[in-house]
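Chains as they are written, first to last, in this note's numbering: chain F, 6 to 326; chain V, 6 to 326; chain P, 6 to 326.
Dropping the structure here:
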């Protein structure tokens with residue numbers, strides 16, 4: 006369980022009330038950091054300003070800031086940075102952006118939590134990547150995470166763009182597929198392995214899986230789990246059935262899972278946690294990449310795998326030290 | 006006034022004539038460096054070649070090279086690099102590109118000077134960023150700066166694409182707004198603060214401004230100045246009135262001004278100079294980012310703020326040492 | 006077990022049979038590395054899986070893996086990395102992707118070899134670039150190289166998209182030009198120099214060439230050779246005649262050839278080899294960049310020159326260091 010005793014004054018043995026107060030102060034500083042203010046009163050006024058305009062947006066900001074801060078604590082990020090709200094502001098902005106650009110729905114609120122958590126992974130990766138150059142990440146994690154979900158929404162039938170998203174004026178994407186059946190999932194699982202080699206074929210997928218089994222049981226299991234996870238998330242978000250059946254949402258997850266569960270990260274608890282979270286994030290990045298490459302008429306290939314693996318690899322170093 | 010005593014041979018006490026000669030030589034080397042030639046005769050022949058085809062393009066090349074070289078001197082860039090024309094060639098190319106792809110007009114000539122100056126900021130940032138990898142910036146600053154202005158021209162009614170710009174065949178962007186009034190500027194100023202949190206609301210903007218005031222008077226002043234500067238530049242370039250009123254050209258400038266006037270750069274003369282120039286550049290980058298994300302149906306969010314702040318942060322190190 | 010007898014210098018004891026066996030094992034490991042398996046049995050099963058679905062795709066995978074591995078050996082890449090298949094998997098995937106997304110034709114098979122070779126250059130550049138951050142290149146070289154050729158195919162009349170390429174549904178690009186004549190080549194050669202300054206004028210091109218001659222005979226020769234090479238490749242790939250005549254496929258090659266033959270690489274055998282290969286690659290990157298910027302209505306400017314020069318500069322260090 007994450008340790009929330011974060012006070013700058015070294016409040017290591019506080020009771021529940023003071024710990025809660027410290028966390029609330031951290032969250033408000035997180036809102037303040039959107040405009041570089043490490044000041045909870047500023048954060049509170051920012052939040053009140055948003056609430057005067059829209060209670061839903063203010064709630065989303067608060068929820069996003071809380072989620073991204075908690076993930077940073079769980080990741081073991083630098084305590085002082087967390088306490089100053091440096092791992093809160095991107096999540097807060099993600100919360101606002103998703104509620105603003107998507108039609109409100111329970112699934113969107115779930116996406117706020119997931120995406121705000123994801124923004125902390127991106128923030129962690131950028132803190133590591135920019136460290137040598139002594140450059141701040143600024144709001145880049147917010148922008149990248151929000152654009153990922155908003156782009157993905159064009160492939161996910163259960164996320165509807167609001168009138169404020171410019172995309173709303175584009176031709177409708179192919180998200181309305183038929184019903185997903187057991188056959189979809191069975192074919193999709195193996196196709197999701199075969200598609201690593203651009204093979205939309207269950208036999209090819211089965212032989213590739215066998216090849217993995219020969220070389221490494223862990224890799225084989227990870228590939229199947231990654232393909233399956235990608236398929237399930239895509240199904241839950243309302244992706245088109247033919248795409249799910251063809252393995253389009255599986256192959257990047259299969260590669261991500263192999264990479265992070267042992268091939269490029271040393272096997273262990275951290276690696277497994279990374280692999281699980283990354284596999285769940287991959288269908289979003291896959292849908293976003295496909296949407297981003299659509300104006301060019303180009304396929305996503307394994308670009309989502311590269312993006313997700315690089316991000317989690319960098320972010321994992323924040324924990325390792 | 007910048008000190009033009011730049012000769013590699015240590016011409017520190019030259020009279021005005023020899024200083025002017027050294028500067029002319031530097032400018033011609035700058036033209037020569039477009040093709041890697043640190044040779045003023047080559048630069049002169051390149052210029053004559055352009056002039057034979059078009060006097061206007063040759064003048065733009067000359068003007069751009071002069072402007073970008075002068076900014077490099079003012080920035081305190083490495084003297085030998087300046088003397089070899091390394092801070093001239095990108096500005097020269099920017100000058101040609103703007104005159105070629107935009108319909109000639111006095112405002113375009115002003116843009117040549119501003120953009121050539123901007124190309125030196127980008128060059129400075131890239132020199133710093135690529136230093137560790139021992140990689141040359143090549144003509145990347147030219148490309149980035151030119152594409153920024155050309156993309157921005159699709160949002161700025163006073164910059165018209167010439168027949169040579171492929172954009173000319175795209176559907177016309179919304180640049181013809183109604184007249185800008187005092188109400189536009191008043192609403193735009195506060196909306197430009199509120200939009201940091203995606204709030205198109207004067208009350209929200211006012212409360213956010215109050216929050217800034219509570220935390221830091223400098224940050225509050227910078228945010229208002231940044232929002233106002235962005236609005237004025239957008240107005241001057243012929244942006245659509247509704248966008249100006251909604252604060253669309255203000256919020257990135259507000260963040261840039263806070264960041265560079267003290268939040269991420271140490272406060273001082275350099276920081277103030279960076280903040281002012283960056284705030285003026287931000288509406289161009291904002292318009293360009295919006296145009297670049299249009300094919301994807303995506304909003305610019307705070308991406309312009311991130312781009313501009315990173316660029317000026319890196320470039321500022323060229324002066325610091 | 007690992008047999009490193011792969012290069013001229015390592016050829017101490019093995020006979021031809023064992024060398025061939027070691028190379029075959031390396032190639033199969035390369036296929037296995039697509040899914041992180043340094044295991045030739047896994048690679049063999051992957052290949053069989055593809056072959057069950059399509060013999061042509063399996064052949065392309067094999068051909069691409071062989072070509073990219075051979076180029077890595079020629080480059081003098083780290084032996085153990087080569088032996089483990091680390092320079093094979095990107096080429097193998099490039100082979101599959103080109104055969105899958107383009108209509109099969111002898112020219113496409115030639116492109117498989119060229120692009121797989123190019124993926125090794127990109128891999129070498131990324132290995133160098135990511136070395137300091139201890140990050141793996143993953144399949145990024147495959148993605149970049151494949152997208153380059155697939156984007157370029159929209160400008161090259163002799164490469165036809167298959168039904169699987171999303172591009173196939175976009176409006177047809179202008180690839181059908183008139184016949185290329187001696188006049189095309191003569192004008193194109195000089196325009197290809199003048200276009201560095203955006204001048205579509207033989208006189209301007211001639212004067213710029215004269216300027217180069219005054220400054221450096223090597224640079225002048227390189228520029229002419231680079232412009233000519235770009236024109237020939239574009240012609241061979243079926244680019245539109247007016248674009249070839251205007252020098253659109255020449256100016257980036259001219260700059261690349263100057264840069265790599267002596268301006269930014271020390272002159273010598275390595276520099277010359279880099280300049281030649283890079284000049285041949287440049288028209289592909291030029292066509293791809295133009296296609297990638299088309300949705301934005303923007304011109305390619307000298308972006309292809311920057312991409313190609315950076316890539317070869319980084320890759321050249323694999324041999325040097």
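No residue lacks a Cβ here, since even glycine has one placed at the ideal position from N, Cα and C.
- At a C-beta separation below 8 Å, residue 151 of chain V has these neighbours in chain P: 306.
- Residue 168 of chain F counts as exposed, since fewer than 16 other C-beta atoms from the protein chains shown sit within 10 angstroms of its C-beta.
- Counting only the Cα atoms, residue 254 of chain V lies some 11 Å from residue 286 of chain V.
- Contact check for residue 226 of chain P against residue 47 of chain V fails: the beta carbons are separated by 8 Å or more.
- Residues of the region 87-114 of chain P that bring their beta carbon within less than 8 Å of a beta carbon in chain F comprise 98, 101, 102, 105, 106, in sequence order.
- When beta bridges are read from the DSSP output, residue 166 of chain V appears opposite V:107.
- By the Cβ neighbour-count rule, residue 123 of chain V is buried, with 16 or more other Cβ atoms within 10 Å of its own.
- Contact of residue 155 of chain V with chain P is assigned, a C-beta pair being separated by under 8 Å.
- In chain order, 216, 219, 220 make up the part of chain V whose C-beta sits under 8 Å from the C-beta of residue 46 of chain F.
- In the three-state reduction of the DSSP assignment, residue 232 of chain V falls in the helix class, which pools H, G and I.
- A contact between stretches requires three or more CB pairs, one per stretch, nearer than 8 Å, and the region 235-249 of chain P fails this requirement with the region 266-276 of chain P.
- For residue 200 of chain V, there is no enclosing alpha helix (DSSP H), as DSSP marks it with neither H nor E.
- In this structure, the beta-carbon distance from residue 98 of chain P to residue 31 of chain P does not fall below 8 Å.
- Of the candidates F:28, F:289, F:73, F:294, the residue whose Cα lies closest to the Cα of residue 242 of chain F is F:289.
- Short of 6 Å from the beta carbon of residue 51 of chain P, and not among the five residues preceding or following it, lie these beta carbons of its own chain, in chain order: 36.
- Only residues of its own chain outside the window of five on either side were considered, and among them 252, 256 have a CB closer than 6 Å to the CB of residue 200 of chain F, listed in chain order.
- If you draw a 10 Å sphere on the C-beta of residue 88 of chain F, you find 16 or more other C-beta atoms in it, and that means buried.
- If you draw a straight line from the Cα of residue 274 of chain V to the Cα of residue 235 of chain V, it comes to about 21 Å.
- The contact set of residue 263 of chain F on chain P, defined by CB atoms closer than 7 Å, consists of 40, 41 in chain order.
- Taking 8 Å as the upper bound for CB-CB distance, residue 95 of chain V and residue 64 of chain V are not in contact here, some 17 Å apart.
- For residue 158 of chain F, the CB contacts under 7 Å within the same chain, skipping 5 residues up- and downstream, are 107, 164, 166 in chain order.
- Straight through space, the alpha carbons of residue 212 of chain P and residue 53 of chain V are spaced by roughly 7 Å.
- At a cut-off of 8 Å between C-beta atoms, residue 268 of chain V counts as an interface residue with respect to chain F.
- If you check the CB distance, residue 203 of chain V and residue 105 of chain F come in under 8 Å.
- Listed along chain F, the residues sitting closer than 8 Å to residue 37 of chain P by beta-carbon distance are 216, 220.
- Uninterrupted alpha helix (DSSP H) stretches at least 4 residues long and entirely within the region 248-299 of chain V occur at 256-263, 274-298, given in chain order.
- Those residues of the region 271-299 of chain F placed with their C-beta closer than 7 Å to a C-beta in chain P are 299, ordered along the chain.
- In the three-state reduction of the DSSP assignment, residue 171 of chain V falls in the helix class.
- DSSP, reduced to helix, strand and coil, places residue 302 of chain P outside both helices and strands of the structure shown, so it counts as coil.
- In this model, residue 322 of chain P and residue 281 of chain P are separated by some 17 Å (Cα to Cα).
- Here the C-alpha atom of residue 297 of chain P lies approximately 21 Å from the C-alpha atom of residue 160 of chain V.
- Taking every protein chain shown into account, the CB of residue 23 of chain F has fewer than 16 other CB atoms within 10 angstroms, so this residue is exposed.
- For residue 130 of chain P, same chain residues with a beta-carbon under 6 Å away, outside a window of 5 residues either side, are 316, 319, 320 in chain order.
- Neighbours of residue 200 of chain P across chain V, judged by C-beta separation under 7 Å, do not exist; the nearest C-beta is about 11 Å away.
- The Cβ atoms of residue 295 of chain P and residue 283 of chain P lie no closer than 8 Å to each other.
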